[in-house]
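Visitor:
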Amino acid sequence: MSPRRAAELYRAPFPLYTVRLHPRRPLAITAGGGGAAKTGIRNGVHFLQLEQVGGQLSASLLHSHDTETRATMTMALAGDFIAAGQDADCHILRFSLQPPPGRGAAGRDAGGEKGPRRRKGPSAAAQGETQNQTSEVTVESLHSVRTDFSPDALQKAVRFNADGSLLVTGGADGFLRLWEFPSMKKTLEFKAHDGEIEDIALGPDNKVVTAGRDFQCCVWQRDQLVTGLCWNENLPGIPDKAYRYQACRFGAVEDNAGALRLYTVQVPHKRERRPPPCYLTKWDGRSFLPLLTRPCGSEVVSCLSVSDSGTFLGLGTVTGSVAIHIAFSLQRLYYVKEAHGIVVTDVAFVPESQRGRELLAGNEAALLSVAVDSRCKLHLLPGRRSLPVWLLLLLCAGLIVATILLLQLAFPGFL
Numbered sequence: 350m351s352p353r354r355a356a357e358l359y360r361a362p363f364p365l366y367t368v369r370l371h372p373r374r375p376l377a378i379t380a381g382g383g384g385a386a387k388t389g390i391r392n393g394v395h396f397l398q399l400e401q402v403g404g405q406l407s408a409s410l411l412h413s414h415d416t417e418t419r420a421t422m423t424m425a426l427a428g429d430f431i432a433a434g435q436d437a438d439c440h441i442l443r444f445s446l447q448p449p450p451g452r453g454a455a456g457r458d459a460g461g462e463k464g465p466r467r468r469k470g471p472s473a474a475a476q477g478e479t480q481n482q483t484s485e486v487t488v489e490s491l492h493s494v495r496t497d498f499s500p501d502a503l504q505k506a507v508r509f510n511a512d513g514s515l516l517v518t519g520g521a522d523g524f525l526r527l528w529e530f531p532s533m534k535k536t537l538e539f540k541a542h543d544g545e546i547e548d549i550a551l552g553p554d555n556k557v558v559t560a561g562r563d564f565q566c567c568v569w570q571r572d573q574l575v576t577g578l579c580w581n582e583n584l585p586g587i588p589d590k591a592y593r594y595q596a597c598r599f600g601a602v603e604d605n606a607g608a609l610r611l612y613t614v615q616v617p618h619k620r621e622r623r624p625p626p627c628y629l630t631k632w633d634g635r636s637f638l639p640l641l642t643r644p645c646g647s648e649v650v651s652c653l654s655v656s657d658s659g660t661f662l663g664l665g666t667v668t669g670s671v672a673i674h675i676a677f678s679l680q681r682l683y684y685v686k687e688a689h690g691i692v693v694t695d696v697a698f699v700p701e702s703q704r705g706r707e708l709l710a711g712n713e714a715a716l717l718s719v720a721v722d723s724r725c726k727l728h729l730l731p732g733r734r735s736l737p738v739w740l741l742l743l744l745c746a747g748l749i750v751a752t753i754l755l756l757q758l759a760f761p762g763f764l
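Mapping of the sequence shown onto my numbering: residues 350 to 764, in sequence order.
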């Protein structure tokens, strides 16, 4: 595997904990904070415009939404709505993008120039300055509901369903809560785990998968337990309490419309002097039977993402490394050791929409990673080279001719 290097895309004035990309717009949303009440470091949600400049993907800060004393630890995106986990509460924000002053509906400025103006020199976003050269972002706070009631209350996971009509939250108190959206009327609440809920995934028929620190990964239909996952049922040498579930995500299946796979990450429950490997498991998305399990390195995995097509898995680790795996085989395709040098808090793939493909510019995939070091980094997976069909046919014809000639030399009179 050739050496890889991650490019710094953006640096925030506070630690970053989560990143999401808009499926239809060249927009990345990052959020975090430094505990303003105690440290004086600001908390906020940053809206970044992504664009190709000089053949490279770059980011510029469009807007910084101040979240006062609340650091955003988790985030989900549904269209132009954001569900942000801040301490014990879930804050619902709605944002809109407006053309900058002086541009008409056709996207032209007073001089008739079409599209955004190009900047020269280094991006001012790296210094935390707001850029208003393209679109202007406005943010409206709609709701705030409490989603965790433990002594050290913290919403740890939040997810929208496919059509954005349902929001699911989980936190340190082990309760799963379902909310109608956008009214934020609570429709269901039940204790899903003894201890913290680490991650949530929403699958077909609004089934909910929860990963908890109690060694359990459960599939729920409303408040009824459908099944408990057992990733090591075919690995009898691994004790049940040696590993816990860290992350869970559903992903599409290539060339099989409507099919889903579930992916989970298992990490060692206890730290050892000689760290054991973490594991990736692929599951059937309807029967929830394990299909494949592979080790994914000895660095403890902190976060997981699946590309839109279901082709790639993105992983971040507590030691700052970032990897991309092939979803089909779970083999590692890309790896940057200590890309951040500190815990990677979230990873997200550039969407595979029309706008997303324009940003990819021929690369097969692009993954964004954020970390406590305040940096957002870019990881590119170059397109795999393939031979043209005419060249393959020519090579096959040449191979056939060479074989015939060799047979003629070895066996005179063969033809």
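Yeah, the Cβ is synthetic: ideal placement off N, Cα and C, and Gly gets one too.
My parser needs the alpha helix (DSSP H) runs of 4 or more residues fully inside the region 532 to 598; what are they?
Guide: none
Visitor: In whole angstroms, what is the alpha-carbon distance linking Lys686 and Val671?
Guide: Here the alpha carbon of Lys686 sits roughly 7 Å from the alpha carbon of Val671.
Visitor: Check whether the Cβ atoms of Leu708 and Gly663 lie closer than 8 Å to each other.
Guide: Not in contact: Leu708 and Gly663 (Cβ atoms no closer than 8 Å).
Visitor: In the DSSP assignment, find the unbroken alpha helix (DSSP H) run with Glu707 in it and report its ends.
Guide: 703 to 709
Visitor: To the nearest angstrom, how far is it from the Cα of Leu376 to the Cα of Gln398?
Guide: 5 Å
Visitor: So the candidates are Asp633, Val494, Val486, Thr496; which of them puts its Cα closest to the Cα of Ala608?
Guide: When Asp633, Val494, Val486, Thr496 are compared, the shortest CA-CA separation from Ala608 is found for Asp633.
Visitor: Return the CA-CA distance between Gly690 and Val394, expressed in angstroms with no decimal places.
Guide: 23 Å
Visitor: Mind checking Leu611: buried by the 16 CB within 10 Å criterion, or exposed?
Guide: Using a 10 angstroms sphere on the CB of Leu611, the tally of other CB atoms reaches 16 or more, which defines it as buried.
Visitor: According to DSSP, simplified to helix, strand and coil, what is Val750?
Guide: helix
Visitor: Which class does Cys439 belong to by DSSP, given the choice of helix, strand or coil?
Guide: strand
Visitor: So, with DSSP's three-state summary, where would you put Ala356?
Guide: strand
Visitor: Tell me the residue span of the beta strand (DSSP E) that contains Phe396.
Guide: 392 to 402
Visitor: Taking only three categories from DSSP, how would you classify Gly461?
Guide: With a pLDDT of 37 at Gly461, under the threshold of 50, the modelled position of that residue is not reliable, and the figure given next carries that caveat. In the structure shown, Gly461 sits in coil (DSSP, three-state: anything other than H, G, I, E or B).
Visitor: By DSSP, does Ala759 sit in helix, in strand, or in coil?
Guide: helix
Visitor: As an exercise, report each continuous alpha helix (DSSP H) stretch of at least 4 residues that is fully enclosed by the region 634 to 714, in chain order.
Guide: Counting whole runs of 4 or more residues, the region 634 to 714 contains the alpha helix (DSSP H) stretches 703 to 709.
Visitor: Spatial neighbours of Ser718 within its chain, please: CB distance less than 6 Å, with the 5 preceding and 5 following residues excluded, ordered by chain position.
Guide: Gly665, Val671, Val693, Val696, Lys726
Visitor: Can you confirm whether the region 498 to 508 touches the region 412 to 421 when touching is taken to mean that 3 or more C-beta pairs between the two stretches lie within less than 8 Å?
Guide: The region 412 to 421 makes no contact with the region 498 to 508; the number of CB pairs closer than 8 Å stays below 3.
Visitor: Which term fits Cys745, buried or exposed, when burial requires 16 or more other beta carbons within 10 angstroms of its beta carbon?
Guide: exposed
Visitor: Is Leu679 near Arg643, with beta carbons less than 8 Å apart?
Guide: yes
Visitor: Between the region 533 to 544 and the region 590 to 602, can you find at least three pairs of beta-carbon atoms closer than 8 Å?
Guide: no
Visitor: Only counting the same chain, and skipping five residues up and downstream in sequence, which positions put a Cβ closer than 6 Å to that of Ala355?
Guide: Val685, Ala688, Lys726, His728
Visitor: In angstroms, rounded to a whole number, what distance separates the CA positions of Gln401 and Ser407?
Guide: Near 6 Å, if we compare the C-alpha coordinates of Ser407 and Gln401.
Visitor: For His412, which residues does DSSP report across the bridge?
Guide: Beta bridge pairing from DSSP links His412 with Phe396.
Visitor: Less than 6 Å between C-beta atoms, sequence neighbours within five positions excluded: which residues of the same chain meet that for Ala560?
Guide: Glu547, Asp548, Cys566, Tyr594, Cys597
Visitor: Quick check on Leu743: does DSSP put it in helix, strand or coil?
Guide: helix
Visitor: DSSP state of Pro371, grouped into three classes?
Guide: In the sequence as presented, Pro is not what sits at residue 371; that position holds His. Three-state DSSP puts His371 in coil, outside helix and strand.
Visitor: For Asn481, does the count of other Cβ atoms within 10 angstroms reach 16, so buried, or fall short, so exposed?
Guide: Residue placement at Asn481 is flagged as unreliable, the pLDDT there being 43, under the threshold of 50; the coordinate-derived value follows with that caveat. Exposed.
Visitor: If the criterion is Cβ atoms closer than 8 Å, does the pair Arg369 and Ser702 meet it?
Guide: no
Visitor: What are the boundary residues of the beta strand (DSSP E) that includes Phe498?
Guide: Counted as a single uninterrupted DSSP element, the stretch harbouring Phe498 is not any beta strand (DSSP E), since DSSP gives it neither H nor E.
Visitor: If we ignore side chains and look at the alpha-carbon of each, how far apart do Pro364 and Val667 end up?
Guide: 14 Å
Visitor: Taking just the CA atoms, how far does Asp436 sit from Thr496?
Guide: 9 Å
Visitor: If we ignore side chains and look at the alpha-carbon of each, how far apart do Gly519 and Gly403 end up?
Guide: 43 Å
Visitor: Would you mind working out which of Leu515, Glu603, Asp604 sits nearest Arg571, comparing C-alpha positions?
Guide: Leu515
Visitor: What are the boundary residues of the beta strand (DSSP E) that Pro617 is part of?
Guide: 609 to 617
Visitor: Determine the contact status of Gly381 and Thr423, defining contact as a CB-CB distance below 8 Å.
Guide: no
Visitor: What residues are listed by DSSP as bridge partners for Val517?
Guide: Arg508, Leu527
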